[in-house]
Amino acid sequence: MVERRVISRTTTNLESDYKYGFYTDIDADMAPKGLNENIVKFISKKKNEPEWMLEWRLKAYRHWVKQGDQEPRWANVDFPHIDYQDIHYYAAPKSKGDAPKSLEEVDPDLVEAFNKLGIPLEEQKKMTGVAVDAVFDSVSVATTYQKKLEDAGIIFCSMSEAVLKHPSLMRKYLGSVVPYSDNFFATLNSAVFSDGSFVYIPPNTRCPIELMTYFRINAEDTGQFERTLIVADEGSYVSYLEGCTAPMRKSSQLHAAVVELVALDNAEIKYSTLQNWYPGDKEGKGGVYNFVTKRAKALGINSKISWTQVETGSAITWKYPSVILQGDNSTGEFYSVALVNNRQQADTGTKMTHIGKNTKSTVVAKGISAGHGNNTYRGAISILPSADNATNFTQCDSLLIGDQCGAHTVPYIEVRNSTARMEHEASTSKVSDDQLFYAMQRGISEEEAHYMIINGFCRGIFKELPFEFAMEAGQLMRVSLEGAVG
Amino acid sequence: MLEIRNLQVSISTTEILKGINLNVQKGEVHAVMGPNGSGKSTLANVLAGRPEYEVTHGAALFEGQDLLGMTPDERARRGIFLAFQYPVELPGVRNRQFLKAALDSVREHRGEDELSVRDFNKIFDEAVQSLEIDPELIKRSVNEGFSGGEKKRSEMLQLSLLNPKLALLDETDSGLDIDALKTISKGINRHRNKHNAILLITHYQRILNYITPNQVHVLIDGSIAMSGGEELAKELEAKGYDWVKEDIRS
Ligand SMILES: Nc1ncnc2c1ncn2[C@@H]1O[C@H](COP(=O)(O)OP(=O)(O)O)[C@@H](O)[C@H]1O
Ligand SMILES: [Mg+2]
């Protein structure tokens, strides 16, 4: 049984449109703006990293420099050129001489900030439930429930700690799914990644609690480059949750994360995301540029990876959680809701690469577009010659609210084995006047009727989320759609 | 309870209802009969507040208050219920959740407490059983994949839970086999009491074998051509709607 903790979030007293838009007054211990080899060395030094880690970062940095400041432009999103020399690549809360080892050492302001976010770290000591690793700007602040996990032989710690304490696992798996040379943003991340979470589940172990990381960008003009690595050893299971918020800022903030998952024989990883970075204001000023590389290797036979994401935030989302189905009989799943309102742009989807025999993938992507939002589903399904009897089911549904928004579907399909079975469904719909009238005729207000129908549209995805996250997801949709319906 | 005075209704400039007068007292059942296209659904929908219809003339009062200025949800909360001729599907919206939300808002308007999930489930399950609805079916989303008959039963389920003062039943009997017709008639008769009124819209006399109306009105081409007691329905069945048309002409 997986134990659960209720995540109680502040949902009332919205002083502004963006409910997480408060600012925490903690002086950041920042690197100067700009990026060069010295900054990479500075970051590595701050973290007391061993030589091999610094070398890896520098290799990435040098590879990145070769690409000449040119981020990829093929996605259906529009943004001004990013000045990579005008960003701080490291910011740590002041209290961090060396990272706090227990909750008591955490700056009380930080704890307060997390409480405002509805992550009651204080409370968590007393309760059994979700283990939380909270990444604030760039540093991982507290990982709760260590004891319980340690007893099971599970490692759940910050990346910085993992580099120091678990070098053999790190050297084996870091970059094994997303190599440092993978793409512009992943390369940048590899050079400057600040922190993030590391998870290792030993063989034949079912992680007894849900693991969760909360990310928050706080300091101004700071890029956030966290990195997550999860390794599920043979016959193990883990459910991992990721939540993201950022305060309101006039200028845009860059977020370029990398997530790597590895599942060995008979292992399963379930990875759920609620992404609510600041989306910018109504005119599209400010907001987070979310350029994220997420990829999983279903390496072992019968292994399984399941991505579930609810993306409501960010000015720009560029994100394709993917699965390489390498082990025979392995399974990859992608369940997604992407919502855009006002001037938000999302280009998101997945890549399923079938290599092993009898591999199976399922893709269900729901896009909701409101205001002047622009939403693109981009998906690639590849069946390689070795993948006998592979199956894929893809379903893409778009829901339009109003007539100023856009929805696009870009499916790529490559089949190189004739035994493959592929199924693809797509639909575009609007909340119809007939549906609204029907619900209102039963006494339900127009606004509630909208939310009900929109939630109904997302139902197939929400049911993949852990219960508390599903509740939270419904709330997020509401907050994100304010002003667009009713 | 319901007073309609010289109601004239157009849709995209075509006049559909051409001056309807109708008085329904509480406790009464009025049957509105008429051929296809005569304006029966228009009448029901305009009373429920469907936005596409434009009222060009006349008035409709519900319990003495002007109905036509109210939003559809307000009318519903005050106790007007429309059983749709063609109920729409709400994909992903569960029947239980939908009806609980509807009942909560109606009860709130009546000044009643919100029902606990447990109490709600109890009355929901009872109603499902008494209308002989397949409990597996009703676990689905609202009307999703329901057959015509199943949709009609589901409308009756909603009626029985929301317990409206005025029920507008738009061809609830159409497309039902005889057993289903009996079950649904039983449901309507159960709902019928001295506080409630029913406008029973139908194309056929058949349902009136099970539900005895206080009055019968014949709607032809947007006007009430004839009104009478229950015997009028029988006469219509025997002679057809053409007889009424000829009768008006002469
Ligand atoms: N949405 C609409 N747009 C145009 N004409 C309509 C619409 N709804 C109904 N009508 C017309 O109004 C007339 C009455 O329709 P309706 O009220 O549905 O009749 P009934 O229910 O008696 O069959 C018909 O001629 C029909 O074609
Ligand atoms: Mg009709």
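For the record, the sequence lines run as chains A and B. For the first sequence, counting from 1, position 239 maps to 226 in the numbering used here; every step adds exactly one. For the second sequence, counting from 1, position 94 maps to 162 in the numbering used here; every step adds exactly one. Just so it is clear, CB atoms sit at the ideal spot from N, CA and C, and this is done for glycine as well. Computed from a predicted model, the values in this text were never measured in an experiment.
Item to complete: Please compile the residues from chain A whose C-beta is within a distance smaller than 9 Å of the C-beta of S173/B.
Response: R429, G430, I431, S432 and E435
Exercise for review: Show which residues of chain B have a CB atom less than 7 Å away from the CB atom of I440/A.
Suggested key: L158 and V161
What in chain B is Cβ-close to R446/A, meaning under 7 Å? G160
* Step through the CB atoms of chain A and report whether any lies within less than 8 Å of the CB of L237/B. => no
Task: Environment of N74/B [buried if 16+ CB atoms lie within 10 Å] - done: exposed
Is there a Cβ from chain A that is less than 8 Å from the Cβ of L205/B? no
**Prompt:** Alpha carbon to alpha carbon, what distance is there between S416/A and R365/A?
**Reply:** 18 Å
Could you give the DSSP three-state label for I201/B: helix, strand or coil? coil
Review point. Taking just the CA atoms, how far does I252/B sit from I246/B?
Key: 10 Å
- Query: Distance, Cα to Cα, I256/A vs E197/A?
  - Reply: 11 Å
Minimum C-alpha distance to A490/A - residue among Y224/A, E247/A, V402/A and D384/A
With chain A covering only -12 through 473, there is no way to say anything about residue 490/A.
Inset, instruction - Could you list the residues in the stretch 218 to 236 of chain B with a C-beta less than 9 Å from some C-beta on chain A, going in chain order? - result: Q226 and L230
Next item on the list: Pick helix, strand or coil for K233/B, following the three-state DSSP scheme.
Entry: coil
Return yes when at least one heavy atom of ligand 2 lies under 7 Å from the C-beta of E239/B, else no.
yes
Report task. Identify the contact partners of D421/A in chain B, using a Cβ-Cβ distance below 7 Å as the criterion. Result -> V156
Validate contact between the stretch 212 to 229 of chain B and the stretch 126 to 139 of chain B using beta carbons, cut 8 Å, 3 pairs
no
From this set, D420/A, Q331/A, A62/A and D375/A, which residue's C-alpha is nearest G314/A's C-alpha?
D375/A
* C-beta neighbour in chain B for F424/A, strict 8 Å -> yes
Taking the straight line between their C-alpha atoms, what separation do you get for K168/A and R282/A? Before going further, note that residue 168/A is Ser rather than Lys in the sequence given. Answer to the nearest angstrom: the Cα atoms are 14 Å apart.
* Check E109/A in the structure and name its three-state DSSP category. => Its pLDDT being 48, under 50, E109/A is placed unreliably in this model, and the coordinates cannot settle the point.
| task | Using only the heavy atoms of ligand 1, determine whether one of them is closer than 7 Å to the beta carbon of N379/A. | result | no
| query | Is V350/A near M339/A, with beta carbons less than 8 Å apart? | reply | yes
Original post:
Cα-Cα, which of G470/A, E451/A, C445/A and L423/A is closest to G461/A?
Top reply: C445/A
Worksheet item: Using the beta-carbon of each residue, which ones in chain B are nearer than 7 Å to G443/A?
Response: L158, P159, G160, V161 and S209
Quiz item: Relative to ligand 2, is the shortest distance from any of its heavy atoms to the C-beta of K219/B smaller than 7 Å?
Solution: no
- Query: In the DSSP assignment, what residue or residues form a beta bridge with F380/A?
  - Reply: T349/A and E410/A
Practice prompt. Decide yes or no for the touch test of the stretch 318 to 327 of chain A against the stretch 55 to 63 of chain A: beta carbon pairs closer than 8 Å, at least 3 of them.
Written response: no
Does the stretch 287 to 302 of chain B come close enough to the stretch 104 to 119 of chain B to have 3 or more Cβ pairs within less than 8 Å?
-> yes
*Looking at the unbroken beta strand (DSSP E) that takes in F130/B, where does it start and where does it end?*
E122 to F130
>> Suppose contacts are defined by Cβ-Cβ distances below 8 Å. Is G393/A in contact with N329/A by that definition?
In response: no
query: Between Y187/A and A178/A, what straight-line distance do the alpha-carbon atoms span, to the nearest angstrom?
result: 23 Å
*asked:* For Q262/A and K262/B, what's the separation of their Cα atoms in angstroms?
replied: 55 Å
Rounded to the nearest angstrom, what separates K6/A and G243/B at their Cα positions? Any reading at K6/A must be qualified, since the residue scores a pLDDT of 40, below 50, and its modelled position is unreliable; the value itself is stated next. C-alpha separation (whole angstroms): 51 Å.
For this session: Whole angstroms is fine: what's the gap from M146/A's alpha carbon to V156/B's?
Result: 52 Å
Assuming D420/A contacts P119/B (C-beta within less than 8 Å), just tell me the rounded distance between them. 7 Å
- Item | With 16 other Cβ atoms within 10 Å as the buried cut-off, status of D14/A | With a pLDDT of only 41 at D14/A, under 50, the local geometry of the prediction cannot be trusted, and no value is derived from it.
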